[in-house]
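Protein chains: 2
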Amino acid sequence: MAPSQLKTDAAAIEAHLAAALADLPDLPVTHAMRYAAQGGKRIRGFLVLESCALMGVPRDQALWPAAAIEAVHAFSLIHDDLPCMDDDDLRRGRPTVHKKWDEATALLAGDALLSFGFELVADPRSHDNASVRAELALGLARASGARGMVRGQALDIAAETAPTPLSLDDIIDLQQGKTGALIEWAATAGPIMAGQDPAPLAQYARALGLAFQIVDDILDVEGDAALMGKAVGKDTDAGKATFVSLMGLDAARARARALHDDAIAALEPYGARAENLRDLAAFVIGRNV
Amino acid sequence: MAPSQLKTDAAAIEAHLAAALADLPDLPVTHAMRYAAQGGKRIRGFLVLESCALMGVPRDQALWPAAAIEAVHAFSLIHDDLPCMDDDDLRRGRPTVHKKWDEATALLAGDALLSFGFELVADPRSHDNASVRAELALGLARASGARGMVRGQALDIAAETAPTPLSLDDIIDLQQGKTGALIEWAATAGPIMAGQDPAPLAQYARALGLAFQIVDDILDVEGDAALMGKAVGKDTDAGKATFVSLMGLDAARARARALHDDAIAALEPYGARAENLRDLAAFVIGRNV
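First to last, the sequence lines map onto chains A and B. Residue 1102 in this note's numbering sits at position 142 of the first sequence, and the numbers go up by one each step. Residue 1138 in this note's numbering sits at position 178 of the second sequence, and the numbers go up by one each step.
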């Protein structure tokens, strides 16, 4: 079960993002943006809010980068689901944007959500100090682009037609781009906003992100479509190398647990104040593992 | 013929953007980004460099936002050319990215070029003052997203299936989003970097941007595919409302000339120093009109 703080934070992020998106002109493309920005576990936004809380950043400021990372995450899901990518009909238990609207609207809604993420972090209401806003924007650009998420997605596509399956190192590298970069940005938003050292939370995020992907692969084999809100068994059916196919189920579970311990160890400097981030690590690894 | 300063500036922007892109990891997606970022008239980048020159902003700083706007422009062309949008095979006289690579690579290369634009404006080397970088990032986010370019593209798509053709006001509104927002961002980059009033250059940009679109419609009817480096007569064949279809060729020409005069008038406060921006207006309207 999700920690109660995750639910509280998710609701606050949902409201902030919805209010920001309500400010856009009314068009099918903005309706699609609002639709795609609904729901989800909001783990990335939670990392922003809780890393900010840990550093004493006011919540009304923290909500801006939290909403931003969820806008960027929503963009990546819309484009991932397109026919030329994963060709998925279902996302978060509902029709994907290109099924509910059309491909052109999905393409543009994704593009505009990426721009909107930058609009939210650059907004003066997110932080008085412009150098913080510029640093967050720079980090978000790197994490979402060809050094980060797009790099991971490109490696993923290349793997589909590669003559040999990916190695474990390859798949860790791929994951660090595809999901790790944005997770690390989210977890370090707090120290960056507070002018503190981001290293411990970056270490936490790297362990958490990798654990998250391993658990995702485990759930893809074991999970239940209703629970996941998306198709399962897809990676296995496609003959894709996953942590489970490379390590076996037991070793994958053990690795996820070890990464959980690494994540907890990284939080040591913060003592009891990091409780919510500890709960998240337990929740991520606890997802049926 | 293009003013010689446009050629000089285009070469400098091309070199700056290529050097920045060379820093990215080597992958098909980054090769596609580099390919898409080559060529073009660089009118948006020219506006950045010349508005910066007018305001005394050092050229080595101005090249960052100039390269940024060209990265964002390249992103928009890749996505515009995709099968679900305009479905074009040819761009700048060469195969489009999805023809040379594939749709997934084109989608991701476009996404990453948009992020890369933000990376370039947020880079500390672009300006010492972080509030300038944050303001440029915020403006670029608004101009490229659902308030600006994506809005224009969405209105364009909606027009294709609308029961009645667009009116002149509709088409002006559409153009202001689709191309006007980024042109205005480019022309006001100089005053924003110099902490000066952007209003005169915003006025210049609005007249220039609209003139540019009218001339594009005229060339679509009259132009020569070899000269344009892309398919011509396409809008007319598709029965789309254009400035020419709504106003007739003579009135469209007259309107473009009047907008040229408006653009020149807006430069009045800058006297002789705005020569390069005057030349651009003459070049834009002079393109076979």
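The beta-carbon is built from N, C-alpha and C at its ideal position, and this holds for glycine as well.
**Asked** So the alpha helix (DSSP H) Ser1086 (chain B) belongs to, where does it begin and stop?
**Response** Along the second sequence, one-based indexing puts residue 1086 (chain B) at 126. Run containing Ser1086 (chain B): none; DSSP gives neither H nor E here.
**Item:** Residue-level contact to chain A via CB, Gly1140 (chain B), 9 Å cutoff
**Value:** Working through the second sequence from its first residue, we reach residue 1140 (chain B) at position 180. So, not an interface residue.
**Message:** I'd like to know whether the C-beta of Ala989 (chain B) is nearer than 9 Å to at least one C-beta of chain A.
**Reply:** The count along the second sequence starts at 1 and reaches residue 989 (chain B) at position 29. Rather than Ala, the amino acid found at residue 989 (chain B) in this sequence is Val. Output row for Val989 (chain B): interface = yes.
**Item:** CB contact check: Ile1132 (chain B) to chain A, cutoff 9 Å
**Value:** Mapped onto the second sequence, residue 1132 (chain B) falls at position 172. Not one chain A Cβ lies under 9 Å of Ile1132 (chain B).
**Asked** Measuring CA to CA, which of B:Glu1010, B:Ala1026, B:Asp1088 and B:Gly999 is closest to Gly1053 (chain B)?
**Response** Here residue 1053 (chain B) is taken as the residue at index 93 of the second sequence, counted from 1. That would be B:Gly999, whose Cα lies nearest to the Cα of Gly1053 (chain B).
**Message:** If distances are taken between C-alpha atoms only, which option among B:Gly1077, B:Asp1040 and B:Asp1020 comes closest to Gly1150 (chain B)?
**Reply:** For the purposes of this step, residue 1150 (chain B) is taken as the residue at position 190 of the second sequence. Closest option to Gly1150 (chain B), Cα to Cα, is B:Asp1020.
**Prompt:** Closer than 8 Å: is that where the CB of Ile1178 (chain A) sits relative to any heavy atom of the ligand GDP?
**Reply:** Among the components of this structure there are no ligands whatsoever, and the ligand GDP is therefore not found.
**Request:** Have a look at A:Glu1095, A:Gly1108, A:Pro1084 and A:Ala1114 and flag the residue whose alpha-carbon is nearest the alpha-carbon of Trp1024 (chain A).
**Result:** Position 64 of the first sequence, counted from the first residue, corresponds to residue 1024 (chain A). Looking at the Cα atoms, A:Pro1084 is the closest of the given residues.
**Item:** Glu1228 (chain A): first and last residue of the uninterrupted alpha helix (DSSP H) it sits in
**Value:** Locating residue 1228 (chain A) in the first sequence gives position 268, where the first residue counts as 1. Segment: none, Glu1228 (chain A) is in no alpha helix (DSSP H) and carries neither H nor E.
**Prompt:** Under the three-state reduction of DSSP, which class applies to Pro1055 (chain A): helix, strand or coil?
**Reply:** Against the first sequence, residue 1055 (chain A) aligns to sequence position 95. Three-state DSSP puts Pro1055 (chain A) in a strand.
**Request:** Taking Gly1112 (chain B) as part of the alpha helix (DSSP H), name the residues at either end of that continuous run.
**Result:** Taking the second sequence and counting its residues from 1, the one referred to as residue 1112 (chain B) is at position 152. Start and end: Met1109 to Thr1121.
**Message:** Is it buried or exposed, Ser964 (chain B), if we count other Cβ atoms within 10 angstroms and call 16 or more buried?
**Reply:** The residue labelled residue 964 (chain B) in the question sits at position 4 within the second sequence. Classification of Ser964 (chain B): exposed, given that the 10 Å Cβ count is below 16.
**Asked** Is there a Cβ from chain A that is less than 9 Å from the Cβ of Thr1124 (chain B)?
**Response** Position 164 of the second sequence, counted from the start, is the residue given in the question as residue 1124 (chain B). Answer no: the Cβ-Cβ gap between Thr1124 (chain B) and chain A never drops below 9 Å.
**Asked** What span of residues does the alpha helix (DSSP H) with Leu1160 (chain B) cover, start to end?
**Response** The count along the second sequence starts at 1 and reaches residue 1160 (chain B) at position 200. Inspection of the sequence shows that residue 1160 (chain B) is occupied by Pro rather than by Leu. That run of the alpha helix (DSSP H) goes Ala1159 to Glu1182.
**Asked** Taking Cβ positions only, does Ser1127 (chain B) come closer than 9 Å to chain A?
**Response** What you label residue 1127 (chain B) is simply residue 167 of the second sequence in a count that begins at 1. Not closer than 9 Å to any Cβ of chain A, the Cβ of Ser1127 (chain B) fails to qualify, so no.
**Request:** Compare the C-beta of Gln1021 (chain A) with all C-beta atoms of chain B and state if any pair is closer than 9 Å.
**Result:** To locate residue 1021 (chain A), count along the first sequence from 1; it is residue 61. So no, Gln1021 (chain A) is outside the interface.
**Asked** Whose C-alpha, out of A:Ala972, A:Asp986 and A:Ile1003, is nearest the C-alpha of Ala1242 (chain A)?
**Response** Here residue 1242 (chain A) is taken as the residue at index 282 of the first sequence, counted from 1. Ala1242 (chain A) has its Cα closest to that of A:Ile1003, out of A:Ala972, A:Asp986 and A:Ile1003.
**Prompt:** From Arg994 (chain B) to Gln1173 (chain B), what does the alpha carbon distance come to, in whole angstroms?
**Reply:** By one-based count along the second sequence, residue 994 (chain B) stands at place 34. By one-based count along the second sequence, residue 1173 (chain B) stands at place 213. Straight-line Cα distance between these residues: approximately 27 Å.
**Message:** Under 8 Å, with one C-beta from each stretch per pair, do the segment 1160-1180 of chain B and the segment 1212-1230 of chain B reach the 3-pair mark?
**Reply:** yes
**Message:** Going by beta-carbon coordinates alone, are Val1181 (chain B) and Ala1072 (chain B) separated by less than 9 Å?
**Reply:** If you number the second sequence from 1, residue 1181 (chain B) lands on position 221. If you number the second sequence from 1, residue 1072 (chain B) lands on position 112. Contact: no.
**Message:** Between Gly1137 (chain A) and Gly1112 (chain A), how many whole angstroms is the CB-CB distance? I'm expecting something under 8 Å.
**Reply:** In the first sequence, counting from the first residue as 1, residue 1137 (chain A) sits at position 177. In the first sequence, counting from the first residue as 1, residue 1112 (chain A) sits at position 152. Right, their Cβ atoms sit about 3 Å apart.
**Asked** What residues in its chain sit with their C-beta under 8 Å from that of Gly1152 (chain A), if we drop five residues either side in the sequence?
**Response** Along the first sequence, one-based indexing puts residue 1152 (chain A) at 192. For the sequence presented, residue 1152 (chain A) should be read as Ile rather than Gly. Excluding residues within five positions, the ones whose Cβ falls inside 8 Å are Val1092, Glu1095, Leu1096, Gly1099 and Pro1158.
**Asked** Which term fits Pro1160 (chain B), buried or exposed, when burial requires 16 or more other beta carbons within 10 angstroms of its beta carbon?
**Response** As a first step, residue 1160 (chain B) must be located in the second sequence, where it is residue number 200. Classification for Pro1160 (chain B): buried.
**Integer Cβ distance of Ala1022 (chain B) from Val1032 (chain B), believed to fall under 8 Å** = Here residue 1022 (chain B) corresponds to residue number 62 of the second sequence, with the count starting at 1. Here residue 1032 (chain B) corresponds to residue number 72 of the second sequence, with the count starting at 1. Actually they are not in contact, since the Cβ atoms of Ala1022 (chain B) and Val1032 (chain B) sit about 16 Å apart, beyond 8 Å.
**Opposing strand residues paired with Leu1050 (chain A) [DSSP bridges]** = Translated into the one-based positions of the first sequence, residue 1050 (chain A) becomes position 90. The partner list for Leu1050 (chain A) (beta bridge, DSSP) reads A:Pro1055.
**Item:** Leu1142 (chain A) (DSSP reduced to helix, strand or coil)
**Value:** What you label residue 1142 (chain A) is simply residue 182 of the first sequence in a count that begins at 1. Three-state result, Leu1142 (chain A): helix.
**Item:** For Leu1128 (chain A), the nearest candidate out of A:Arg1238, A:Asp986 and A:Ala1211 (CA to CA)
**Value:** Here residue 1128 (chain A) corresponds to residue number 168 of the first sequence, with the count starting at 1. Considering only alpha carbons, the answer is A:Ala1211.
**Message:** If the cut-off is 9 Å on Cβ atoms, which residues from the segment 1044-1056 of chain A count as contacting chain B, listed in chain order?
**Reply:** Cys1044 and Met1045
**Burial state of Glu1120 (chain A), where buried means 16 or more other Cβ atoms lie within 10 Å** = The residue given as residue 1120 (chain A) occupies position 160 in the first sequence. Exposed, because fewer than 16 other Cβ atoms sit within 10 Å of the Cβ of Glu1120 (chain A).
**Request:** Would you mind reading off the limits of the alpha helix (DSSP H) that contains Val1244 (chain A)?
**Result:** Stepping through the first sequence from its first residue, residue 1244 (chain A) is reached at position 284. Glu1235 to Gly1246 is the extent of the alpha helix (DSSP H) around Val1244 (chain A).
**Prompt:** Would you say Met1155 (chain A) faces chain B, with C-beta separation under 9 Å as the test?
**Reply:** As a first step, residue 1155 (chain A) must be located in the first sequence, where it is residue number 195. For the sequence presented, residue 1155 (chain A) should be read as Gly rather than Met. No, because no Cβ of chain B sits closer than 9 Å to the Cβ of Gly1155 (chain A).
**Request:** Residues of the segment 1057-1084 of chain A with a CB closer than 9 Å to any CB of chain D: list them in chain order, please.
**Result:** Reference to chain D is not applicable here, since the protein chains of this structure are A and B.
**Request:** Could you tell me which of A:Gly1246, A:Val1244, A:Ser1104 and A:Leu1080 sits nearest to Ala1026 (chain A), measuring between CA atoms?
**Result:** Residue numbering aside, residue 1026 (chain A) sits at position 66 when the first sequence is read from its first letter. Answer by Cα proximity: A:Leu1080.
**Message:** Report the CB separation of Pro985 (chain B) from Arg1166 (chain A) in whole angstroms; it is logged as a contact under 8 Å.
**Reply:** Against the second sequence, residue 985 (chain B) aligns to sequence position 25. Against the first sequence, residue 1166 (chain A) aligns to sequence position 206. About 18 Å separates the two Cβ atoms, so there is no contact after all.
**Request:** In the DSSP assignment, find the unbroken alpha helix (DSSP H) run with Asp1251 (chain B) in it and report its ends.
**Result:** The displayed coordinates of chain B run from 961 to 1249. Any statement about residue 1251 (chain B) would go beyond what the structure contains.
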